[in-house]
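Data block below; observations after.
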Amino acid sequence: MLSRGGSHFLSGHSGCMLLFFLGIGSLIFLHAEAATKKYQFDVQVSNVSRLCHAKPIVTVNGQFPGPTIYAREGDRVIINVSNHAQYNMSIHWHGLKQYANVWADGPAYITQCPIKTGSSYVYDFNVTGQRGTLWWHAHILWLRATVYGAIVILPQQGTPFPFPKPDSEQVLVFGEWWHGDVEGIVKQGNAMGLPPNMSDAHTINGKPGPLFPCSEKHTFAMEVEQGKKYLLRIVNAALNDELFFAVAGHNMTVVEIDAVYTKPFTTSAILIAPGQTTNVLVHANRTPGRYFMAVRPFQDVPIPVDNKTATAIFQYKGIPNTVLPSLPQLPSPNDTAFALTYNKKLRSLNTPNFPANVPLKVDRNIFITIGLGKSVCPTCINGTRLSASLNNITFVMPQTGLLQAHYQNMKGVFTSDFPDRPPKAFNYTGAPLTANLFTSHGTRLSKIAFNSTVELVIQDTNLLSVESHPFHLHGYNFFVVGTGIGNFDPAKDPAKYNLVDPPERNTIGVPTGGWSAIRFRADNPGVWFFHCHLELHTGWGLKTAFVVEDGPGKDQAVRPPPKDLPLC
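Residue numbers (the working numbering): 4 to 571.
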């Protein structure tokens, strides 16, 4: 049967229920190799109050954040999304590979047209070869400001974690909160040609914490017991901010990123970009008390951000709420050294059970530059509008789903001539440049042969300003084989690549004024979105898509679309 806000065996964020499921409850499923988990998602407007302000927001099942999806590796998941809100809607299952199932990926006008008000659509997918923490979110307009939630994929029955088994676990989803209507704020910014107003607070599980006004009831607290170990499943669902996170008085052991196990390492804080997930172990071995868990943005260029600190409470059992929590020592907001050092520590586990199958031979080399710029806008305040480009191309969203156009061989929707390198080489990270370097607009995609190996170097530039950019590739994990500051040197930098145990991710934070090199095998046919996961930059055109051609096998081609696929 369908359940609302949870599957038929589990709902909500309850740590006690999850502990039961992992322990005694799992006995129920000992003989089940795979199961079908069904969910009902009702997209609806609900009134929510934060920071002394109440407003209507778009939610799933009236929950903010939305419900957590629980499944096991190998399960089939069926989610019926019914849209009762005034906006068109689509949901993306961020990090799920959707092998040979691209119609279920979810981004509006890429793999589907949006679900119109009063309509429903069923997302049907298998969780194959993945386990860990991922997440889901709206993938149209800025609606993911409130429409998001976690995905928890448990290992197959009888398969232990490759790290000490936690006594319990907790989902922590970071977000942002605006006093005003987010879509209205975005429209106002676009009309003026300027970035929209920044958020008024960050949140942890939808709550900003007691450092904000009117937040006594809007503080997330997690009860822990002395001596026990806890797995924190952390998601950065913020729209525009990379975030530092720490627990006062406690170190963390990183064991997973983007649903891929890592070589464990201990740290006092983590850095997590929008779109990324991180699992950490925390040992409740300190003097019993109340300790703040805190998040604050990382920004190492002088760009305005919401720099306020959101908090939740790591509370030992039996300690009264009157005890004042202590704050953690977070890295400084512009601590580039911490960010670079932290990311260098991330390594794939690379064991026989969890190998790192890094492509050693490359069939296709692609070099993409990130550019910020200004385009002419006579009605805007300064006569210009901020824009963004990849290889000097500002992406124009189509009015027909790209996957539908590809599958039906429709003409005039897109072209397959996205260049493998920028039209003009320059000193990418040198002195600030204000020229647009002949930026063009278009719906230009890159076509990739099935099963070919791809190396993609993503280069930040100083067009208007350098800045860090978290890039997400739909439908794939990739290996981050190299990263550096300054201009990528194709003659020298590849010799420094890590081809043994590089981190495997679905979202990579390209460093400010630097580059990242990723590799993947194009074995998943379809049209796959590739974009900056800063919603601000995505809206400005910092995106494209890859058309991965069909393979020769039966399960190596795009299947026919579902009968209820939304049409434009």
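Ideal Cβ positions, reconstructed from N, Cα and C, are used throughout, including at glycine.
Close beta carbons around residue i, own chain, < 7 Å, minus the five adjacent residues each side
i: Gln-302; result: Val-308, Pro-336, Asn-337
i: Gly-196; result: Cys-380, Cys-383, Ile-384, Asn-385, Thr-387, Arg-388, Leu-389
i: Ala-272; result: Phe-247, Phe-248, Ala-249, Leu-333, Pro-334
i: Asp-420; result: Arg-447
i: Leu-539; result: Pro-198, Asn-243
For residue j and residue i, the rounded distance between their alpha carbons
i: Phe-67; j: His-56; result: 15 Å
i: Val-258; j: Gly-230; result: 19 Å
i: Gly-132; j: Ile-373; result: 32 Å
i: Thr-136; j: Pro-381; result: 46 Å
i: Thr-418; j: Ala-560; result: 20 Å
i: Gly-121; j: Leu-144; result: 18 Å
i: Gly-26; j: Leu-349; result: With a pLDDT of 39 at Gly-26, under the threshold of 50, the predicted position of this residue should be treated as unreliable, though the coordinate-derived value follows. C-alpha separation (whole angstroms): 30 Å.
i: Val-416; j: Pro-563; result: 19 Å
i: Ile-316; j: Thr-71; result: 20 Å
i: Glu-245; j: Ala-276; result: 4 Å
i: Asp-127; j: Gly-252; result: 43 Å
i: Asp-558; j: Trp-543; result: 36 Å
i: Trp-138; j: Ser-93; result: 14 Å
i: Pro-493; j: Lys-41; result: 48 Å
i: Ile-82; j: Val-125; result: 6 Å
i: Arg-424; j: Ser-378; result: 22 Å
i: Arg-147; j: Ala-241; result: 9 Å
i: Lys-566; j: Asn-193; result: 36 Å
i: Leu-235; j: Val-283; result: 5 Å
i: Thr-62; j: Gln-115; result: 21 Å
i: Arg-522; j: Pro-331; result: 36 Å
i: Phe-24; j: Pro-426; result: Only weak support is given to the placement of Phe-24: the predicted model assigns it a pLDDT of 38, under 50, and the value that follows is read from those uncertain coordinates. Between Phe-24 and Pro-426, the C-alpha separation is close to 55 Å.
i: Asn-86; j: Leu-274; result: 34 Å
i: Gln-47; j: Cys-217; result: 25 Å
The alpha helix (DSSP H) enclosing residue i, as first and last residue numbers
i: Tyr-151; result: Note, Tyr-151: premise wrong, no alpha helix (DSSP H); beta strand (DSSP E) at 151-157.
i: Gln-1; result: The structure shown does not extend to residue 1, since the chain spans only 4 to 571, so no value can be given for it.
i: Gly-187; result: 185-195
Reduced DSSP secondary structure (H/G/I, E/B, other) of residue i
i: Thr-547; result: strand
i: Ile-306; result: coil
i: Asp-203; result: coil
i: Ile-145; result: Here residue 145 turns out to be Trp, not Ile, going by the sequence shown. Three-state DSSP puts Trp-145 in coil, outside helix and strand.
i: Thr-339; result: helix
i: Val-361; result: coil
i: Thr-625; result: This structure cannot settle anything about residue 625, because the visible part of the chain is limited to 4 through 571.
i: Pro-300; result: strand
i: Asn-394; result: coil
i: Lys-416; result: The question names Lys, but residue 416 is Val in the sequence shown. Val-416: coil per DSSP, three-state reduction.
i: Tyr-345; result: helix
i: Trp-139; result: strand
i: Val-263; result: strand
i: Val-326; result: coil
i: Val-105; result: helix
i: Asn-509; result: coil
i: Lys-427; result: coil
i: Pro-514; result: coil
i: Ala-498; result: helix
i: Gly-584; result: Summary: the structure shown does not reach residue 584, with the chain confined to residues 4 through 571, and so no result is reported for it.
Residue i, enclosing beta strand (DSSP E) - first and last residue
i: Val-51; result: 39-53
i: Arg-127; result: Note that residue 127 is Asp in the sequence shown here, rather than Arg. Where Asp-127 is concerned, the enclosing beta strand (DSSP E) stretches over 123-129.
i: Lys-474; result: A small correction: the amino acid at residue 474 is Phe; Lys does not occupy that position in the sequence shown. Note, Phe-474: beta strand (DSSP E), 472-476.
i: Met-92; result: Element bounds for Met-92: n/a, residue is neither H nor E.
i: Val-460; result: 456-462
i: Thr-372; result: 367-379
i: Tyr-319; result: 313-319
i: Ala-74; result: 72-75
i: Ile-273; result: 273-275
i: Val-250; result: 245-250
Same chain only: Cβ atoms within 6 Å of residue i, ignoring 5 sequence neighbours per side
i: Pro-555; result: none
i: Gln-318; result: Ala-224, Glu-226, Arg-293
i: Lys-119; result: Asn-91
i: Ala-37; result: Gly-77, Asp-78
i: His-477; result: Asp-108, Trp-531, Phe-532
i: Pro-435; result: Asn-465
Cutoff 8 Å; reference residue i; Cβ partners in own chain excluding five residues on either side
i: Pro-528; result: Ala-103, Val-105, Phe-453, Val-551, Glu-552, Asp-553, Gly-554, Gln-559, Ala-560, Val-561
i: Val-484; result: Val-361, Glu-458, Tyr-500, Asn-501, Leu-502, Pro-505, Ala-520, Ile-521, Arg-522
Could you tell me whether the region 420-433 touches the region 340-355, where touching means 3 or more Cβ pairs closer than 8 Å? no
Would the region 466-479 and the region 495-504 be scored as touching if the rule is three or more Cβ pairs under 8 Å? No, they do not touch.
Contact between the region 210-219 and the region 388-402 (3+ Cβ pairs under 8 Å): Segments in contact, no.
Determine contact between the region 176-193 and the region 98-106, defined as no fewer than three beta-carbon pairs at a distance below 8 Å. no
For the 8 Å Cβ check, are there 3 or more pairs between the region 357-368 and the region 531-546? no
Would you be able to state if there are at least three C-beta pairs under 8 Å between the region 192-204 and the region 74-92? no
Meets three-Cβ-pair contact criterion under 8 Å: the region 504-520 and the region 441-453: no
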